[in-house]
Every structure is written in C-alpha cells, then in structure tokens.
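Working notes, structure below.
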C-alpha cells in the first residue's frame with residue numbers, strides 16, 4: 001500500500017513539474033527584486049494601483065525611460081525638496097561659522113556595489129575633499145531594502161550640515177501640509193548600534209522642530225500642518241557621534257484637502 | 260550485536276565502478292555551462308599557488324620547505340584546510356604540463372567530481388553490504404539525483420568533497436568495528452576529512468555516541484581502536500597534509516578554529532526576510548531541505564529516516580548501522596539549532612547528511628517493495644518481479660531525474676514542487692541565487708549588445724572568474740571589468756534581496772529604471788542587466 005502511495009506522490013510530482021514547465025509564471029516571481037521593493041512602498045506612485053502584470057510590463061518593457069523620480073516619488077505635491085535642490089544652499093557648520101559647500105556639476109561618480117550605499121549624483125554640493133563629503137539627490141536603500149529618492153546629507157563628523165531650500169512664491173498662499181521623510185542606508189541602520197541623527201528644521205529662518213532618527217526607525221515620516229506659509233526650509237543634520245550616519249531625506253508640501 | 264560486513268563480490272565491485280564512471284561522465288559532460296562562483300574562483304587561484312609550490316618542491320625541495328616559501332604559498336586562502344585544494348593543484352599541474360583537461364576550470368573541478376562519483380559508488384556498496392543490492396542501487400541513484408548536490412558536485416569547492424569524505428570516513432569506521440585493518444584506514448581517511456573542511460568536526464561526537472551504544476551491546480569487542488586511530492593517525496595525517504602547520508602549528512590552528520567559530524555572517528533570504536545575523540530561524544534547514552530535495556525523494560527519505568530510527572532502537576544485527584546512518588543524517592541539520600551557527604549558502608552546508616539520507620531512502624524503498632503486493636501485478640516469476648521493482652524504482656526516481664537535468668545550470672535556483680518550483684520559491688521570498696555564478700550565461704547577450712567590446716560591472720561575479728571565463732573563450736575578451744559602476748556599459752545585478760542597493764545605484768547612474776536584459780530560470784529573474792548609454796570615461 002505504502003509503495004503505491006509513494007508512486008502516486010511521484011505521479012503528482014510529475015504533474016506539477018509539467019505544470020511548471022508549461023504554465024504561466026506567477027506575477028510575483030516574474031518581478032525583479034527591486035520592483036518588488038518598489039511595489040511594497042505604501043505611498044508609492046499611482047501606477048502601483050494598476051494590476052501587477054501591468055506593473056511588470058510597464059517597468060520592463062516601457063518605450064520611454066522610467067526615471068527613478070517618476071517611479072519612486074508618489075503623488076503630485078505642490079513642492080518637493082528633491083526637485084528644488086539646484087537652487088538650494090548648503091553649509092557645513094563649524095566653530096568659526098558656516099562654511100558654504102559649493103554646487104558642482106559634471107563630477108565623477110566613484111564606486112558602487114554591495115555595501116557601498118548610495119551613489120553620488122554627477123551634480124552635487126561638495127563639502128570637503130573626502131569622497132563621501134557630498135550632498136545631493138540620490139536613491140538610498142532603506143532598512144527594508146526599499147529605494148528612497150531623497151537628498152543625501154551625511155555629516156561625516158561632529159560638524160552639522162545645513163541645507164536651505166527656497167519655497168516658490170505661488171504656493172505660499174495655500175494651506176499646506178509639510179511632510180518630512182528620512183532614512184539611513186540599509187547597512188548603516190540594520191545593526192541598530194548607531195547613535196541617533198538629530199534634525200533641526202527651520203521655516204523662514206525660525207526654528208520649527210527638532211526631531212531624531214534612531215536606528216530601527218527605517219523610513220520615518222513626520223507631518224506638520226502649516227498655518228502661515230514659509231519662504232524657506234532649513235534642514236540641519238547633526239551626527240550624534242557614530243560613524244556611517246548616511247542620512248537621506250525628502251520633503252513635500254501638499255495642498256490640504258478641504259473637508 | 261553487529262553483523263560482520265559481507266565480503267564484496269566481483270559483481271558488486273563492478274557495479275560500484277560502473278556508478279563511479281557514470282557519475283564522472285555525467286559531471287564532466289555537463290560542467291561547461293556552469294559558471295564560476297565567487298568562492299570557486301578563489302580556490303582555483305589557490306590551486307595555482309599551491310601547484311607552483313608543489314612544482315618547487317620537486318625542483319628545489321630545500322627552498323620549497325623553507326619557512327618563507329611555505330608561508331608565502333600556503334597563507335593564501337588558509338582559512339580552509341588544504342587536502343581538496345591540493346588535489347585541485349595536482350590536477351592543475353597535470354593540465355599545465357600535459358593539457359589533459361582542456362581548461363583550468365575542468366582541471367580543478369575534476370578531483371571533486373571524482374570524489375563525488377566515489378561517494379555514489381560507496382553508497383551503493385554500503386547499502387548492498389549492509390542490507391541488499393536493492394538498497395544499494397536505489398540509494399546510490401537517489402544520491403546521484405539530488406539536484407542541488409549534483410550542481411555543486413561540478414564545482415571546485417569543498418561542499419560536496421566534504422560530504423564524500425564524511426561518507427568514506429563513516430564507512431571506514433563502520434568496517435573498523437569488525438576488521439582491524441580498517442582501523443588504520445579510518446585514521447588516514449578521517450585525517451584527510453579533517454583536512455577537507457571544518458564540517459568534519461561534527462563527525463567524532465556522532466561516532467563516539469554510536470560506539471558507546473554499540474559497545475554496550477557487543478561486550479566482546481569493546482576496544483575503541485578507531486578512537487586511538489583518530490587521535491593519533493588522523494591528527495598526524497591532518498598535520499602532514501597542511502604545510503602551514505609545519506611552521507607555526509599552534510598559532511595557525513588557533514587562528515583557523517577562531518576564524519570559523521567567529522565567522523562573519525552572510526545574507527540569506529528566507530520567507531521574504533533578508534537574514535544577516537543570528538539568531539536565524541530554527542526552521543531554516545528543515546524547510547530548505549523540504550524545498551530542495553525532489554518531492555518523491557523527500558517522501559522516501561523521510562520514510563527511510565523514520566524507519567532507520569525505529570530500527571536503531573531494536574537489538575538486532577542491523578540496529579548499529581541504522582543508528583550510525585540516522586546520527587550522521589541528522590546531526591548536520593541539528594547543528595543549525597545552535598544559536599550562533601552561521602547560515603551561509605544554505606543547503607550546501609548540510610550536504611554531508613545526504614549520503615546517509617540516501618541510504619535511509621534506499622532502506623525505505625526496500626521495505627516498501629518487500630511489503631508491496633507486486634506479485635499479482637507482475638506475476639510470480641522472479642524476473643518479472645525484478646522488472647516490476649526496476650519499474651517502481653524508475654518511477655520513483657523519474658521526477659528527481661527530470662529535476663536534476665532541468666536544474667543542472669541553475670542549481671542554486673532549484674526548488675522542488677512542494678515549494679512551487681523556482682517560481683513558487685520566488686513568490687515566497689526565498690533566495691533565488693548567490694555567488695555571482697551566472698555571468699557565463701549572459702555571453703550571448705553581451706556579444707550582441709557590445710560587439711566591439713566595452714566595460715562590464717560584474718556584480719557578484721569576481722574578476723578572477725571573469726578572466727577564467729575569458730581564457731576559455733566563454734565570454735568576450737574585449738569586455739573588461741569596470742572599476743566604477745558609472746564607468747560600465749553594462750551593469751549586472753544578481754537577484755538577491757540584499758543586492759537591491761545595486762539596482763538603485765544602477766538607476767542613479769543611468770537615470771532609468773528599466774533593465775536592458777534579464778536572465779531568467781523558469782521565468783524567474785536571476786540576473787538583471789542594465790545598459791548604460793553614457794558611461795563615464
């Protein structure tokens with residue numbers, strides 16, 4: 001009896017093998033790992049509401065380039081920090097006062113590979129001779145391995161880095177919500193042994209909030225309702241003492257939905 | 260009481276030899292499509308370094324045996340003992356001198372292939388000697404047709420050789436319990452096992468427990484000759500096989516042990532989670548075995564294991580053998596229940612369990628046949644009964660044969676029907692590949708995409724592996740590895756969970772998220788390739 005049962009198992013296995021060989025692959029298995037990660041972003045772009053097979057086709061076989069920002073930046077906010085970096089200013093805060101980090105274009109991109117973290121963009125603010133002393137828009141892998149399109153602003157030592165971005169005038173009269181999202185690079189955060197990163201936000205030059213990103217927070221989002229509209233947003237990032245605090249953030253202003 | 264092993268007949272020797280030859284032919288004929296994984300590229304380099312030292316030993320022995328020469332040569336890849344790498348080195352020397360193999364890759368792979376083939380033959384012999392030919396034949400073919408083992412058996416690595424050496428050691432131990440001359444043999448073989456890989460450290464505790472149980476039921480043969488042989492002969496063989504120990508033995512042994520006790524942890528995906536440090540899930544080795552051994556084989560193996568456990572506790576002639584098989588089949592998996600045991604590449608680290616799992620499966624098959632009502636179906640005649648048994652064995656091994664053949668190029672991505680195949684495993688978030696082994700499978704795409712040559716970001720593939728493939732003409736010589744990702748014309752990304760960041764780096768560089776080409780197995784992406792239209796040079 002037992003032999004016949006095992007023989008039936010063999011026939012079942014042969015049937016399953018035939019099904020695998022001639023059947024249609026499931027959508028999840030077809031998707032690339034990176035696409036799986038993107039698809040899991042809860043506030044992802046609108047196309048993620050499409051059926052999975054369309055996502056797959058859209059990503060793999062689209063005629064036009066799908067830029068990282070188109071893929072990763074969800075919604076249509078009034079303003080997004082990563083889109084405004086060209087007009088921004090960056091300083092390193094030293095004991096002698098703020099030292100400006102110049103905006104440089106057509107810079108070489110070095111490195112890449114596992115454990116390397118985010119790659120620098122060719123246009124970026126340069127804050128010293130160290131290869132990692134840059135501020136710019138990149139794609140950083142968060143602790144859940146998902147991609148985040150964000151502004152890499154990593155203080156390499158105890159000297160804080162400050163970025164000031166201007167908010168365009170037309171939106172200054174609308175009631176808005178400021179959304180601030182931030183992460184550390186996967187390998188820097190996953191051991192959960194690093195010091196927190198302190199972030200000081202200022203609106204129109206006045207202190208607005210002091211927040212901390214701690215290991216284990218992952219991609220953390222803060223939201224504020226703004227009654228009076230600011231003209232600038234200042235983001236000052238301070239390394240509280242641990243190496244490899246690869247902080248990366250993005251912010252949006254969204255028009256508030258009227259009840 | 261333990262049954263004395265029956266003497267081996269000429270027919271049994273010939274059958275074992277036939278299995279060895281069949282396995283060697285199968286492995287050699289299917290090896291060329293299998294790329295060079297990271298670790299193999301380092302071991303091939305070790306073969307070169309050790310081979311040059313052996314050549315020096317012949318030509319200028321005094322110089323070769325100087326401390327400086329020994330340390331210079333044998334410090335390379337010294338985290339692993341040298342027995343199997345020395346075999347690679349000898350074959351590498353033969354290739355360099357006489358071009359027997361046709362490539363460095365096959366030269367270095369030949370010794371592990373032979374070791375695996377010997378193991379297949381020995382499984383047959385042990386099953387036949389301890390029980391009957393039916394057990395031997397079925398167990399040997401069962402072992403040969405394990406897809407992941409078959410894949411790894413091609414590689415110049417240690418995972419299959421250590422499985423073979425543990426099997427040979429266990430067999431020698433088993434024979435030594437009744438024949439004195441096998442005591443010496445066991446000492447030598449176990450010394451070489453120690454010199455193969457550190458998985459060998461698990462063997463003495465199993466043998467010790469087995470011997471204590473066996474000696475209790477065998478009052479006339481209580482002497483633990485095998486134990487003294489292990490302590491003296493094995494240790495001497497281990498020492499002699501590793502020239503680095505001739506210079507600073509204690510210091511290096513301490514370093515070797517510490518290296519593996521405090522090994523860094525690697526990334527491994529399991530049910531959608533990327534694990535990178537302990538504690539690893541306790542279910543890992545059991546679920547992965549359940550997902551990577553063909554379903555019918557798994558059913559037979561589990562039945563055989565249960566049968567072997569039940570037979571182990573009986574006091575009869577076979578109990579001792581079953582107890583030994585059970586212990587050696589379970590301990591390599593049980594060790595993963597310890598809190599700090601690293602899980603590296605997964606299944607390959609408990610390959611030493613599989614020969615014993617196969618022997619248990621062979622016993623289960625024998626048991627099933629003995630109890631099956633085959634008579635009315637095939638008639639009472641003996642030859643018809645044999646045909647019936649062969650058909651039954653063929654049916655039970657057919658799925659494994661198909662899966663082993665289908666998975667021969669993508670063995671690391673193989674999952675059984677229980678997991679839903681490779682697709683089902685991908686859906687479940689299991690590891691799809693590792694070791695950066697598939698660059699060779701991208702050769703047609705690369706020739707088409709970069710006809711005039713260019714630069715490639717190799718992903719997880721090593722530059723040494725790429726150069727070896729170039730030397731064989733398997734990938735274009737005009738395509739050279741890029742030092743920076745932004746310099747590359749094409750960027751390879753292995754589809755492992757923790758490699759997601761390299762996708763994002765590629766997106767950053769090319770400003771587009773669409774891949775140019777995707778290498779798939781069963782429709783599942785294994786390597787994604789991005790094309791960079793504006794490389795930075």
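Residue numbers (my numbering), protein chains in the order written: chain A, 1 to 259; chain Z, 260 to 796.
C-beta atoms are modelled at their ideal positions from N, C-alpha and C, and glycine is treated no differently.
Residues in its own chain within less than 6 Å of residue i by CB, not counting five upstream and five downstream?
i	result
residue 179 (chain A)	223, 252
residue 777 (chain Z)	784, 787
residue 80 (chain A)	252
Give the interface partners of residue i over in chain A, defined as CB-CB distance under 9 Å, in chain order.
i	result
residue 778 (chain Z)	Under the 9 Å cutoff, chain A gives no residues; its nearest Cβ is about 11 Å from residue 778 (chain Z).
residue 716 (chain Z)	112, 113
Quick check on the burial criterion: 16 or more other C-beta atoms within 10 angstroms. Buried or exposed for residue i?
i	result
residue 320 (chain Z)	exposed
residue 145 (chain A)	buried
residue 318 (chain Z)	exposed
residue 689 (chain Z)	buried
residue 22 (chain A)	exposed
residue 622 (chain Z)	buried
residue 57 (chain A)	With a pLDDT of 43 at residue 57 (chain A), under the threshold of 50, the predicted position of this residue should be treated as unreliable, though the coordinate-derived value follows. So residue 57 (chain A) ends up on the exposed side.
residue 279 (chain Z)	buried
residue 597 (chain Z)	exposed
residue 711 (chain Z)	exposed
residue 359 (chain Z)	exposed
residue 437 (chain Z)	exposed
residue 47 (chain A)	Low confidence applies to residue 47 (chain A): its pLDDT is 49, below 50, so where it sits in the model is not reliable, and the reading given next is rough at best. By the 10 Å Cβ count, residue 47 (chain A) comes out exposed.
residue 55 (chain A)	Because residue 55 (chain A) carries a pLDDT of 44, less than 50, the predicted location of this residue cannot be relied on, and no value is offered for it.
residue 1 (chain A)	exposed
residue 532 (chain Z)	exposed
residue 277 (chain Z)	exposed
residue 575 (chain Z)	exposed
residue 345 (chain Z)	buried
residue 268 (chain Z)	exposed
residue 537 (chain Z)	exposed
Could you say which of the options lies nearest to residue i if we only look at CA atoms?
i	options	result
residue 612 (chain Z)	Z:270, Z:459, Z:721, Z:339	Z:459
residue 801 (chain Z)	A:150, A:186, A:70, A:101	Limits of chain Z in this structure are 260 at one end and 796 at the other, which puts residue 801 (chain Z) out of reach.
residue 656 (chain Z)	Z:338, Z:553, Z:391	Z:553
residue 299 (chain Z)	Z:482, Z:723, Z:666	Z:723
residue 218 (chain A)	A:204, A:246, A:105	A:246
residue 678 (chain Z)	A:4, A:16, A:156	A:16
residue 105 (chain A)	A:98, A:125, A:113, A:111	A:125
residue 65 (chain A)	Z:663, Z:767, Z:351, Z:303	Z:767
residue 340 (chain Z)	Z:494, Z:705, Z:750, Z:408	Z:494
residue 194 (chain A)	A:177, A:202, A:212, A:227	A:212
residue 304 (chain Z)	Z:363, Z:289, Z:294	Z:363
residue 750 (chain Z)	A:114, A:38, A:215, A:85	A:114
residue 453 (chain Z)	Z:512, Z:413, Z:643, Z:439	Z:512
Below 8 Å on C-beta distance, what does residue i contact in chain A?
i	result
residue 565 (chain Z)	Ordered by position in chain A, no residue passes the 8 Å Cβ test against residue 565 (chain Z), which lies about 11 Å from the chain.
residue 658 (chain Z)	10, 13, 14, 17
residue 785 (chain Z)	Near residue 785 (chain Z) there are no residues of chain A at all, since even the closest Cβ is about 10 Å away, more than 8 Å.
residue 651 (chain Z)	3, 7
residue 835 (chain Z)	Absent from the structure is residue 835 (chain Z), since the part of chain Z shown begins at 260 and ends at 796.
residue 621 (chain Z)	Those within 8 Å of residue 621 (chain Z) in chain A number zero; the least Cβ separation is about 13 Å.
Counting only Cβ pairs nearer than 9 Å, list the residues of chain Z close to residue i.
i	result
residue 68 (chain A)	763, 766, 767, 770, 771, 772
residue 121 (chain A)	767
Since residue i and residue j should fall inside the 8 Å C-beta cutoff, what is the C-beta to C-beta distance between them, to a whole number of angstroms?
i	j	result
residue 747 (chain Z)	residue 720 (chain Z)	With a Cβ gap of about 13 Å, residue 747 (chain Z) and residue 720 (chain Z) do not count as contacting.
residue 151 (chain A)	residue 249 (chain A)	6 Å
Which same chain residues end up closer than 7 Å to residue i when comparing Cβ atoms and leaving out the 5 residues on each side of it in sequence?
i	result
residue 422 (chain Z)	378, 610, 611, 613, 614
residue 327 (chain Z)	none
residue 506 (chain Z)	326, 329, 330
residue 198 (chain A)	210, 212, 238, 240
residue 727 (chain Z)	295, 300, 303, 363, 364
Can you list, in chain order, the residues of its chain with a C-beta nearer than 8 Å to that of residue i? Leave out the 5 residues immediately preceding and following it.
i	result
residue 519 (chain Z)	338, 457
residue 96 (chain A)	none
Given that residue i touches chain Z, what residues does it touch there, using C-beta distances under 7 Å?
i	result
residue 9 (chain A)	554, 555, 558
residue 126 (chain A)	None at all; the shortest Cβ gap to chain Z is about 17 Å.
residue 108 (chain A)	795
residue 71 (chain A)	772
Residues of chain Z with CB under 8 Å from residue i, in chain order?
i	result
residue 89 (chain A)	Near residue 89 (chain A) there are no residues of chain Z at all, since even the closest Cβ is about 23 Å away, more than 8 Å.
residue 147 (chain A)	759, 762, 763, 766
residue 190 (chain A)	535
residue 139 (chain A)	763, 764, 766, 767
Residue i versus chain A: which residues are under 7 Å apart at the beta carbon?
i	result
residue 743 (chain Z)	109, 110, 111, 112
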